[in-house]
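Here the numbering used here is used: position 48 in the sequence shown is 48, and no number is missing along the way.
Here a beta-carbon is modelled for each residue, glycine too, at the ideal position from N, C-alpha and C.
Note that the coordinates shown come from a computational prediction; the quantities given were computed from them, not determined experimentally.
A quick write-up on the structure given underneath.
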Amino acid sequence: ARDKGRNTYQIYAPSLNVAAYKLYTMEKDLRKSIAAKELFLVFQPRVEANTGKIVSAEALVRWEHSDWGVISPKEFIPLAEESGFISEIGDWVMEQVCMYIVRWEHKGLPSVPISINISAQSFLRNDWLAIIKKILNKSKVDPALIELEITESSLIHYQETISEGLQTLKALGVRIALDDFGTGYSSLSYLKDYPIDTIKIDKSFIDNIVDDVSDQTIISAVIQLAKGLKKRVVAEGVETAIQLEILKGYHCHEIQGYLFSKPLPDHEFQTVLQSKVLQ
Ligand code: C2E
Ligand code: CA
Ligand code: CA
Ligand code: CA
């Protein structure tokens, strides 16, 4: 059995090694990416469903690797989560976002809240809240212009720590969004127990909204629920005009998706901010 195992290993070894090597290299390079200035942010507008008015934007990280080009966060965020580097990325994103907000303000652009994706790991670091406070104080950015997005699935673990962290953040004046709503082990009690301002309905529900009656029922119920609880509700990943019409019919507040805009680099986002409304 042992020999057989060894043979099997030999057959698959080359491809395994390539994959493992790439992963190893990626993780090693990722640790250097901040200092190497290879990370950058793009901004995806969030618009009011009825008017197309830009009311907010989400900051999304990109990694431009020297050999591999731009790598999607879907590839490197899980790696960063695994290696613990995610909280350094998180701090960097927070700093960058505050810097951009100040820059845009100086240019006289309309100021809209910017949301930032937060890993549950950040909450477990005992210096994290102090770092957030420090960045806010140093940049003098109005905390109301920062919204932190936390995924529903991350709330299953470390509930007490995260709950306390969120209360502290709320007290600072930042907003909290529940991201990817509907995909985690959803518990409606999250909406009651955590200080959540915004619910972001996951793209997977929006994808089939045109012909899936169950998804229609779920989405319209979630929107009603959010309204009843006085929370903002955002539909993520809206790509077509028909999806938008259906969501308007349910009185969904806000839309984020390619129909209005893909995530944009700084200069393009500035142009869009200036125009105030997206069609
Ligand atoms: P997310 O937080 O759910 O972000 C939304 C993702 O959906 C983004 O992908 C966005 O580009 C994409 N998207 C938005 N509208 C549409 C649409 O109409 N159609 C399609 N097909 N996609 C749409 P992106 O930028 O590739 O980010 C993927 C995920 O990586 C994010 O999902 C988030 O979980 C994570 N991520 C990105 N930036 C950060 C970050 O700075 N920190 C952390 N912790 N995670 C991040
Ligand atoms: Ca998000
Ligand atoms: Ca999301
Ligand atoms: Ca997602």
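- Each of 133, 251, 237 was checked against the Cα of residue 261, and the nearest Cα belongs to 237.
- Distance from residue 180 to residue 151 at the Cβ level is roughly 5 Å; contact confirmed, criterion being Cβ atoms closer than 8 Å.
- Taking a contact as a CB-CB distance under 8 Å, the pair residue 235 and residue 196 does not count as one, their CB atoms being some 16 Å apart.
- Nearest neighbour of residue 109 by Cα position, chosen from 126, 115, 100, 89, turns out to be 100.
- Relative to residue 62, the option among 182, 44, 22, 171 whose CA is nearest is 44.
- Straight-line measurement puts the Cα of residue 25 at about 10 Å from the Cα of residue 18.
- Between the region 248 to 263 and the region 28 to 38, the count of C-beta pairs closer than 8 Å stays below three; the two stretches do not touch.
- Between the C-alpha atoms of residue 226 and residue 38 there is a straight-line separation of about 38 Å.
- DSSP places residue 38 in no beta strand (DSSP E); its state is neither H nor E.
- Counting only runs of 4 or more residues that sit fully inside the region 44 to 126, the alpha helix (DSSP H) segments are 73 to 83, 86 to 106, 120 to 124, in chain order.
- In the three-state reduction of the DSSP assignment, residue 256 falls in the strand class.
- As a beta-bridge residue in DSSP terms, residue 149 pairs with 117, 177.
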